[in-house]
Amino acid sequence: MAWEWRANNREKVLAALQKGEYEAILTSREGALDALAHLAWELEVLEAVNLIQVEREREGVPDELLLRTLAVLPFVEALSLSAAANTLFEDAAVLLQLGYTALQIQDGFNQRRGKRYAQKSAQSRPYHRDVLREELQRIQAASLDLYRRHCVAVLYQRGLIRSQVYALDGSGMGPEMRVVGLLCLQKDGPLWVNWRLRTGNESEKGQEGAVVLAMVDEIRQIAGEEALAWLLMDALYVDGFLLA
1452 MAWEWRANNR EKVLAALQKG EYEAILTSRE GALDALAHLA WELEVLEAVN LIQVEREREG
1512 VPDELLLRTL AVLPFVEALS LSAAANTLFE DAAVLLQLGY TALQIQDGFN QRRGKRYAQK
1572 SAQSRPYHRD VLREELQRIQ AASLDLYRRH CVAVLYQRGL IRSQVYALDG SGMGPEMRVV
1632 GLLCLQKDGP LWVNWRLRTG NESEKGQEGA VVLAMVDEIR QIAGEEALAW LLMDALYVDG
1692 FLLA
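Quick note: the sequence shown uses this note's numbering, first residue 1452, plus one each step.
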């Protein structure tokens, strides 16, 4: 299939639509998602996915593309993985930046039909929720530590962290998971700098603040001993020697 640019040419666009050449028309809303994706690229968030290791089980969509897609999905205002993927794959500019081509989005990357399908289905295409879930399951969790450390280091290298005052947030995400975050308190608002994901609703009481100390030590290793001067925390989450 041949491709060509048809910029500001109403006659050619209408002629292409009449022939059924819908794949030749690409548009982008150029909204907040585009800006966030560009910011992620600028801060090496998308480039750093090469540090994430996956256990490959089958041929299909390249891991680098799927990992970049997963890295951008948090920017999409949606309540489910399927809705977020559908919204993302409506934005041509972001997809091109992630590395997709229009032909790959339409036809997929190989001839896999998907389970229980006699013909090629949406399940074999990169925007299907099952494809993204399978990629999440293949990620080696230990490699996410390298990814996090790289992304955090870039914030300091670019001079985006301009305060030595931090706060601990252990409010969590619900009864099953808890995100413990280390936030830098700056004049232009708090900035998430480091984080850990924990299961259940347990606090750090009686555990000598292992999670908090790990985050603090990591920041000092990345940005130097003087990076953190004050740490505000909730006594209901952490107690004992750390507060003393």
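Using N, Cα and C, we set each Cβ at its ideal position, and we do this for glycine too.
The stretch 1528 to 1537 in contact with the stretch 1574 to 1591 per 3-pair CB rule at 8 Å: yes
Status (buried if at least 16 other CB within 10 Å, exposed otherwise) for E1519: Position 68 of the sequence shown, counting from 1, holds the residue named residue 1519. Here the sequence assigns Arg to residue 1519, which means Glu is not the residue at that position. It counts as buried.
Secondary structure of A1618, DSSP reduced to three states: Within the sequence shown, residue 1618 is the residue found at index 167, counting from 1. Looking at A1618 - three-state DSSP - the assignment turns out to be strand.
8 Å Cβ cutoff met for V1605 and E1495: Residue mapping note: residue 1605 aligns to position 154 of the sequence shown, counting from 1. Residue mapping note: residue 1495 aligns to position 44 of the sequence shown, counting from 1. Their beta carbons are under 8 Å apart, which means V1605 touches E1495 by this criterion.
Presumed contact (8 Å Cβ cut-off) between R1589 and E1506, rounded CB distance: The count along the sequence shown starts at 1 and reaches residue 1589 at position 138. The count along the sequence shown starts at 1 and reaches residue 1506 at position 55. Confirmed, about 5 Å.
Residue interval of the alpha helix (DSSP H) (run including Q1696): It is not possible to answer for residue 1696, since the shown part of the chain is limited to 1452 through 1695.
Run of the beta strand (DSSP E) containing R1649, from where it starts to where it stops: One-based indexing of the sequence shown puts residue 1649 at position 198. R1649 -> beta strand (DSSP E) spans G1640 to T1650.
Three-state secondary structure (DSSP) of R1584: Position 133 of the sequence shown, counted from the first residue, corresponds to residue 1584. Of the three classes helix, strand and coil, the one that applies to R1584 here is helix, per DSSP.
Pair within 8 Å by beta-carbon distance, R1649 and R1671: Taking the sequence shown and counting its residues from 1, the one referred to as residue 1649 is at position 198. Taking the sequence shown and counting its residues from 1, the one referred to as residue 1671 is at position 220. No, the pair does not count as a contact, with Cβ atoms beyond the cut-off.
Proximal residues to I1556 (C-beta, below 8 Å), its chain only, five neighbours per side dropped: In the sequence shown, the residue the question calls residue 1556 occupies position 105. F1540, L1546, R1576, P1577 and Y1578.
G1675 versus A1499 - alpha carbon distance: If you number the sequence shown from 1, residue 1675 lands on position 224. If you number the sequence shown from 1, residue 1499 lands on position 48. Distance between the alpha carbons of G1675 and A1499: 22 Å.
Heavy atom of the ligand SAH within 7 Å of E1627 beta-carbon: Among the components modelled here there is no ligand, and therefore nothing to report on the ligand SAH.
One or two residues paired with G1632 in a DSSP bridge: Start at 1 with the first residue of the sequence shown, and residue 1632 comes out as number 181. D1620 and W1646.
Rounded C-alpha distance that separates W1681 from L1502: As a first step, residue 1681 must be located in the sequence shown, where it is residue number 230. As a first step, residue 1502 must be located in the sequence shown, where it is residue number 51. Taking the straight line joining both Cα atoms gives about 31 Å.
Cα-Cα separation, S1594 to R1600: Residue 1594 sits at position 143 when you count from the first residue of the sequence shown. Residue 1600 sits at position 149 when you count from the first residue of the sequence shown. Going from the Cα of S1594 to the Cα of R1600 covers about 10 Å.
Where G1550 falls, given that 16 or more other Cβ within 10 Å makes a residue buried: Within the sequence shown, the letter at position 99 stands for residue 1550. So G1550 ends up on the exposed side.
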